[in-house]
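Right, one structure below, let's go through it.
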Amino acid sequence: MDIERIEEMRLTAKDETQIGSLLDSAFGTDFAGRSYYQQRHHVRLLVREADKIIGHVAIDLRAIRMGDAIVQVAGLAEVATATSHRGQGLASSLLDAAILEVRQTASTFLLLFGDHPIYARKGFMPKQNILRYTSFVGVKSGVTIEAQKDGLMVLLLSDLSWDDDAMIDLVGHAF
1419 MDIERIEEMR
1429 LTAKDETQIG
1439 SLLDSAFGTD
1449 FAGRSYYQQR
1459 HHVRLLVREA
1469 DKIIGHVAID
1479 LRAIRMGDAI
1489 VQVAGLAEVA
1499 TATSHRGQGL
1509 ASSLLDAAIL
1519 EVRQTASTFL
1529 LLFGDHPIYA
1539 RKGFMPKQNI
1549 LRYTSFVGVK
1559 SGVTIEAQKD
1569 GLMVLLLSDL
1579 SWDDDAMIDL
1589 VGHAF
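Residues 1419 to 1593, numbered by my numbering, are exactly what the sequence shown covers, in order.
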(Lines of atoms letter the chains of each structure in order from A and count residues from 1; the text may use other names and numbers.)
(Lines give C-alpha, C1' and ligand atoms only; values in the text may rest on other atoms or scores of the structure.)
Protein backbone atom coordinates (compact mmCIF):
# COMPACT_ATOMS: atom_id res chain seq x y z
CA MET A 1 0.00 0.00 0.00
CA ASP A 2 1.37 3.37 -1.03
CA ILE A 3 0.67 6.38 1.16
CA GLU A 4 0.71 9.66 -0.67
CA ARG A 5 1.63 12.93 1.04
CA ILE A 6 0.01 16.08 -0.32
CA GLU A 7 0.42 19.60 0.98
CA GLU A 8 -2.95 21.33 1.28
CA MET A 9 -2.37 23.80 -1.52
CA ARG A 10 -1.48 20.95 -3.91
CA LEU A 11 -4.87 19.17 -3.65
CA THR A 12 -6.60 18.99 -7.02
CA ALA A 13 -10.30 19.63 -7.55
CA LYS A 14 -10.73 15.87 -8.04
CA ASP A 15 -8.91 15.19 -4.73
CA GLU A 16 -11.14 17.73 -2.96
CA THR A 17 -14.30 16.06 -4.28
CA GLN A 18 -13.14 12.54 -3.44
CA ILE A 19 -12.00 13.48 0.08
CA GLY A 20 -15.29 15.28 0.70
CA SER A 21 -17.25 12.18 -0.33
CA LEU A 22 -15.05 9.92 1.79
CA LEU A 23 -15.46 12.13 4.86
CA ASP A 24 -19.24 12.38 4.40
CA SER A 25 -19.45 8.60 4.21
CA ALA A 26 -16.99 7.84 7.01
CA PHE A 27 -18.40 10.26 9.56
CA GLY A 28 -22.07 10.42 8.60
CA THR A 29 -21.74 14.18 8.96
CA ASP A 30 -22.50 16.70 6.27
CA PHE A 31 -19.18 18.13 5.13
CA ALA A 32 -21.15 20.05 2.45
CA GLY A 33 -18.79 18.72 -0.20
CA ARG A 34 -15.72 20.13 1.58
CA SER A 35 -12.55 18.12 2.01
CA TYR A 36 -12.35 19.35 5.62
CA TYR A 37 -14.84 19.71 8.44
CA GLN A 38 -14.32 23.21 9.85
CA GLN A 39 -10.86 24.36 8.74
CA ARG A 40 -8.28 23.47 6.13
CA HIS A 41 -5.21 21.46 7.09
CA HIS A 42 -1.50 21.63 6.34
CA VAL A 43 -0.77 18.15 5.01
CA ARG A 44 -2.90 15.18 3.93
CA LEU A 45 -1.88 11.55 3.80
CA LEU A 46 -3.92 9.53 1.33
CA VAL A 47 -4.31 5.97 0.11
CA ARG A 48 -5.67 5.44 -3.39
CA GLU A 49 -6.93 2.38 -5.17
CA ALA A 50 -7.50 2.60 -8.91
CA ASP A 51 -7.27 6.43 -8.71
CA LYS A 52 -9.94 6.58 -5.98
CA ILE A 53 -9.11 7.88 -2.50
CA ILE A 54 -9.94 5.15 0.04
CA GLY A 55 -7.99 6.38 3.09
CA HIS A 56 -7.26 9.79 4.55
CA VAL A 57 -5.72 11.58 7.52
CA ALA A 58 -5.05 15.30 7.92
CA ILE A 59 -2.25 16.93 9.90
CA ASP A 60 -2.20 20.45 11.33
CA LEU A 61 0.76 22.26 12.89
CA ARG A 62 0.22 24.80 15.60
CA ALA A 63 1.73 26.57 18.59
CA ILE A 64 -0.45 26.19 21.69
CA ARG A 65 -0.11 27.22 25.32
CA MET A 66 0.32 24.62 28.03
CA GLY A 67 -0.06 26.82 31.07
CA ASP A 68 2.34 29.71 30.43
CA ALA A 69 4.58 27.76 28.04
CA ILE A 70 4.28 27.99 24.26
CA VAL A 71 4.48 24.47 22.86
CA GLN A 72 4.76 23.28 19.26
CA VAL A 73 2.24 20.54 18.47
CA ALA A 74 0.66 18.75 15.57
CA GLY A 75 -2.94 17.67 15.45
CA LEU A 76 -4.53 14.80 13.60
CA ALA A 77 -7.94 15.21 12.04
CA GLU A 78 -10.39 13.31 9.91
CA VAL A 79 -8.89 9.82 9.99
CA ALA A 80 -11.13 8.03 7.51
CA THR A 81 -11.27 4.78 5.57
CA ALA A 82 -13.80 3.91 2.88
CA THR A 83 -16.42 1.57 4.33
CA SER A 84 -15.59 -0.97 1.62
CA HIS A 85 -11.97 -1.12 2.84
CA ARG A 86 -12.34 -1.17 6.62
CA GLY A 87 -10.58 -3.88 8.56
CA GLN A 88 -7.68 -4.02 6.10
CA GLY A 89 -5.21 -1.95 8.15
CA LEU A 90 -5.50 1.29 6.19
CA ALA A 91 -6.19 3.47 9.24
CA SER A 92 -3.35 1.82 11.14
CA SER A 93 -0.93 2.40 8.25
CA LEU A 94 -2.08 6.00 7.85
CA LEU A 95 -1.61 6.64 11.57
CA ASP A 96 1.89 5.14 11.48
CA ALA A 97 2.77 7.36 8.52
CA ALA A 98 1.29 10.44 10.23
CA ILE A 99 3.25 9.77 13.42
CA LEU A 100 6.45 9.37 11.39
CA GLU A 101 5.68 12.59 9.49
CA VAL A 102 5.10 14.56 12.69
CA ARG A 103 8.21 13.12 14.39
CA GLN A 104 10.22 14.88 11.67
CA THR A 105 8.88 18.28 12.76
CA ALA A 106 9.57 20.43 15.83
CA SER A 107 6.32 19.19 17.41
CA THR A 108 6.64 18.02 20.99
CA PHE A 109 3.18 16.39 21.10
CA LEU A 110 0.68 14.96 18.66
CA LEU A 111 -2.95 15.66 19.60
CA LEU A 112 -6.27 14.34 18.42
CA PHE A 113 -9.86 14.19 19.53
CA GLY A 114 -11.27 10.69 19.30
CA ASP A 115 -12.01 7.56 21.24
CA HIS A 116 -11.31 4.70 18.85
CA PRO A 117 -9.15 1.99 20.47
CA ILE A 118 -6.63 2.23 17.60
CA TYR A 119 -5.32 5.50 19.07
CA ALA A 120 -4.40 3.94 22.41
CA ARG A 121 -2.70 1.07 20.55
CA LYS A 122 -0.53 3.67 18.79
CA GLY A 123 0.53 5.18 22.14
CA PHE A 124 -1.92 8.06 22.50
CA MET A 125 -2.99 8.70 26.09
CA PRO A 126 -6.33 10.22 27.13
CA LYS A 127 -6.08 13.59 28.87
CA GLN A 128 -8.62 15.57 30.88
CA ASN A 129 -7.14 19.07 30.81
CA ILE A 130 -9.31 22.14 30.74
CA LEU A 131 -9.05 23.49 27.20
CA ARG A 132 -9.52 26.95 25.79
CA TYR A 133 -10.58 26.92 22.15
CA THR A 134 -12.79 28.69 19.67
CA SER A 135 -15.95 26.88 18.70
CA PHE A 136 -16.54 26.40 14.98
CA VAL A 137 -19.96 25.66 13.56
CA GLY A 138 -20.70 25.80 9.87
CA VAL A 139 -17.19 27.09 9.14
CA LYS A 140 -17.82 30.15 11.29
CA SER A 141 -15.91 31.21 14.36
CA GLY A 142 -18.00 31.03 17.46
CA VAL A 143 -17.40 31.72 21.10
CA THR A 144 -14.34 30.95 23.15
CA ILE A 145 -14.92 27.89 25.32
CA GLU A 146 -13.05 26.88 28.48
CA ALA A 147 -13.95 23.32 29.43
CA GLN A 148 -12.88 19.72 29.21
CA LYS A 149 -13.54 18.29 25.77
CA ASP A 150 -14.20 14.61 25.37
CA GLY A 151 -11.68 12.56 23.49
CA LEU A 152 -8.48 14.57 23.92
CA MET A 153 -5.61 12.16 23.33
CA VAL A 154 -1.91 13.01 23.34
CA LEU A 155 1.15 11.22 22.00
CA LEU A 156 4.46 12.32 23.53
CA LEU A 157 7.11 13.05 20.88
CA SER A 158 9.91 14.52 22.99
CA ASP A 159 11.26 14.54 26.50
CA LEU A 160 8.87 17.36 27.43
CA SER A 161 6.20 16.07 29.80
CA TRP A 162 2.53 16.83 29.29
CA ASP A 163 1.20 18.88 32.21
CA ASP A 164 -2.04 17.18 33.23
CA ASP A 165 -2.97 20.14 35.46
CA ALA A 166 -2.29 22.97 33.01
CA MET A 167 -4.89 24.91 31.08
CA ILE A 168 -4.36 24.04 27.41
CA ASP A 169 -5.04 26.99 25.13
CA LEU A 170 -5.38 25.61 21.60
CA VAL A 171 -5.05 29.16 20.22
CA GLY A 172 -7.87 28.44 17.80
CA HIS A 173 -10.30 25.63 17.09
CA ALA A 174 -10.05 22.02 18.27
CA PHE A 175 -8.42 19.76 15.67
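For each residue, glycine too, the CB sits at the ideal point set by N, CA and C.
(1) Can you name the start and end residues of the beta strand (DSSP E) that A1404 belongs to?
(2) Flag this pair as touching only if the stretch 1552–1561 and the stretch 1475–1491 have three or more C-beta atom pairs under 8 Å; answer yes or no.
(3) In angstroms, rounded to a whole number, what distance separates the CA positions of I1482 and I1563?
(4) Cβ of I1437 within 8 Å of Cβ of I1471?
(5) Less than 8 Å between the beta carbons of V1497 and I1477, yes or no?
(6) Could you tell me the boundaries of the beta strand (DSSP E) in which L1530 lies?
(7) Can you pull the DSSP bridge partners for V1475?
(8) Between the Cα of G1446 and those of A1524, D1469, M1427 and T1501, spot the shortest distance and give me the residue it belongs to.
(9) Whose CA, out of T1435, Q1522 and L1429, lies closest to the CA of A1450?
(10) Any idea what DSSP makes of T1435, helix, strand or coil?
(11) Whose CA, out of A1515, R1521 and D1587, lies closest to the CA of N1547?
The short version:
(1) What is shown of the chain runs 1419 to 1593, which leaves residue 1404 out entirely.
(2) With the cut-off at 8 Å, the stretch 1552–1561 and the stretch 1475–1491 do not touch.
(3) Roughly 15 Å between the two C-alpha positions.
(4) Going by C-beta atoms, I1437 is nearer than 8 Å to I1471.
(5) Note that the C-beta distance between V1497 and I1477 is not below 8 Å.
(6) Start and end: F1527 to F1531.
(7) Looking at the DSSP assignment, V1475 forms a beta bridge with L1463.
(8) Out of A1524, D1469, M1427 and T1501, T1501 has the C-alpha closest to the C-alpha of G1446.
(9) Measuring from the Cα of A1450, the nearest candidate turns out to be T1435.
(10) In the displayed model, T1435 falls within a helix according to three-state DSSP.
(11) If we check each option's Cα against that of N1547, D1587 comes out closest.
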